[in-house]
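A.B. asks: Using the working numbering, you'd call the opening residue of the sequence shown number 970 and step up by one each time. Even glycine gets a Cβ: it sits at the ideal position worked out from N, Cα and C. Computed from a predicted model, the values in this text were never measured in an experiment.
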Amino acid sequence: MRLQSFFLFTLLALLTAALPARAEVDWESTASFKSGTTPLDLASSLNGKYVFVLSKGMVNIYANDGQLQGSIAVDPAFNRIAVSGLDLANLEDKIFLSSDTSGQVQEISYSFIVKIDTTGAPFLGAPNAPVTLVVFSDFQCPYCARLAPVFEEILVKNPDTVKIAYKHFPLRGHKEATPAAIAAVAAHKQGKFWQYHDSLFQNMQQLSPQKFQEIATSLQLNMEQFNKDMADPQSMAIIGKDQQEGVGIGVKGTPSLFVNGRTAKDRSVAGLQKMIDEELAKIKAGK
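(1) Relative to the alpha-carbon of E1193, which residue among L1102, K1158, E997, N1229 has its alpha-carbon at the smallest distance?
(2) Using a 10 Å radius around the Cβ and a threshold of 16 neighbouring Cβ atoms, would you call N1191 buried or exposed?
(3) Going straight from the alpha carbon of A1058 to that of R1236, what length do you get?
(4) From what residue to what residue does the alpha helix (DSSP H) around G1209 run?
(5) Apart from the five residues on each side of it in sequence, which residues of its chain come closer than 6 Å, Cβ to Cβ, to P1148?
(6) So within the region 1150-1184, which uninterrupted alpha helix (DSSP H) runs reach at least 4 residues, ignoring any that extend past its ends?
(7) If you drop the 5 nearest sequence neighbours on each side, which residues of the same chain put their C-beta closer than 7 Å to that of L1037?
(8) Within 10 angstroms of the Cβ of A1239, are there 16 or more other Cβ atoms? Answer buried if so, exposed if not.
(9) Which same chain residues, not among the five before or five after T1223, have their C-beta less than 8 Å away from its C-beta?
(10) Looking only at C-alpha atoms, which of Q1179, K1136, D1069, Q1164 sits nearest to V1216?
(11) Decide if A1042 is buried, meaning its Cβ has at least 16 other Cβ atoms within 10 Å, or exposed.
(12) In the DSSP assignment, find the alpha helix (DSSP H) that holds V1125 and state where it starts and stops.
(13) With a threshold of 16 other CB atoms inside 10 Å of the CB of G1257, please say whether the residue is buried or exposed.
(14) On a CA-only basis, which of A1090, F1120, G1035, A1200 is nearest S1013? Give me that one, please.
(15) Measure the Cβ-Cβ separation of V1228 and L1102 and say whether it is below 7 Å.
(16) Throw me the rounded Cβ distance for the D1010 and I1064 pair, which I believe falls under 8 Å.
(17) Once DSSP output is grouped into helix, strand and coil, what is the label at K1084?
(18) For A1069 versus N1048, is the C-beta distance shorter than 7 Å?
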């Protein structure tokens, strides 16, 4: 009994010694803003970039600096909100709404409409087309290579209403992707981007400095100018600008497609045509 009491006393002494002398919380307010509506519930994205405020009949999405990014009209019965989505795990961004009274639950997929600067970018189609399809691509990306026939069919279907613009987004894991992009920029300066683009994808498994020269020669480029442009830091700056813009609008991999700034999740001809038709309908309606 004495031994048991001794152990209990010793344990209590150790636990007491482990406790801090006083419990305080070090904190600071990192963000504060007015939502403009009466919040019923709110949630934060897993990356901490966005706050979702649910009010009666509306979900307002704010950046963490309080700037309103967009709004979604919802059923006024919803009074609870949760969000999911994690870029690193390739989990789609979704909003989940529920109602305490009706028991209704709704799942909403969302993405932001972004502005993309296509000034000077290589393009196919009508220069002043009302719909611009932008592709962020990598010359060692097999999925990017498969888009060529898709784009060809899209342009056949929409000769006057769609422009396809190319943006460079070489991935770090692809050794020859950046040199290939530089070579494509040099070819673009001689008006042969798309021919060079096609040849790069056709020779995707054999890309090398020698292959870049061979393709340029086969396209009858001015080789002295081609090599000069490849060595020009401005060529790399063009690629860097595209990459920076891509990261800024949420591009994580290739190919990433946008139709008038809307993320294209379905990269099939049917999926892209559906988005194109929606954009044309908006324009016709004056929206």
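C.D. replies: Taking the definition as stated:
(1) Answer by Cα proximity: K1158.
(2) Counting C-beta atoms within 10 angstroms of its own C-beta, N1191 has fewer than 16 neighbours from the protein chains shown and is therefore classed as exposed.
(3) Unreliable positioning characterises A1058 in this predicted model, as indicated by a pLDDT of 49, which lies under 50. The coordinate reading is nonetheless provided below. Going from the Cα of A1058 to the Cα of R1236 covers about 21 Å.
(4) Per DSSP, the unbroken alpha helix (DSSP H) holding G1209 starts and ends at 1202-1217.
(5) Within the same chain, P1148 has no close Cβ partners at all.
(6) Taking only runs of at least 4 residues, the alpha helix (DSSP H) segments lying wholly in the region 1150-1184 are 1162-1171.
(7) The residues are N1029, Y1031.
(8) By the neighbour-count criterion, in which 16 or more other beta carbons inside 10 Å mark a residue as buried, A1239 falls on the exposed side.
(9) Cβ within range, chain order: F1105, S1106, D1107, C1110, Y1112, C1113, F1138, L1140.
(10) The residue from Q1179, K1136, D1069, Q1164 with its alpha-carbon nearest to that of V1216 is K1136.
(11) Within 10 angstroms of the beta-carbon of A1042 lie fewer than 16 other beta-carbons, which makes it exposed.
(12) V1125: member of the alpha helix (DSSP H) spanning 1117-1126, first to last residue.
(13) There is simply no residue 1257 to check, as the chain begins at 970 and stops at 1256 in what is shown.
(14) Checked all of A1090, F1120, G1035, A1200; the closest Cα to S1013 is G1035.
(15) With respect to the 7 Å criterion, V1228 and L1102 are classified as neighbours on the basis of their beta carbons.
(16) The pair is not a contact, with the Cβ atoms about 11 Å apart (cut-off 8 Å).
(17) K1084: coil per DSSP, three-state reduction.
(18) The residue you asked about is not Ala; residue 1069 is Asp in the sequence shown. Closer than 7 Å, so yes.
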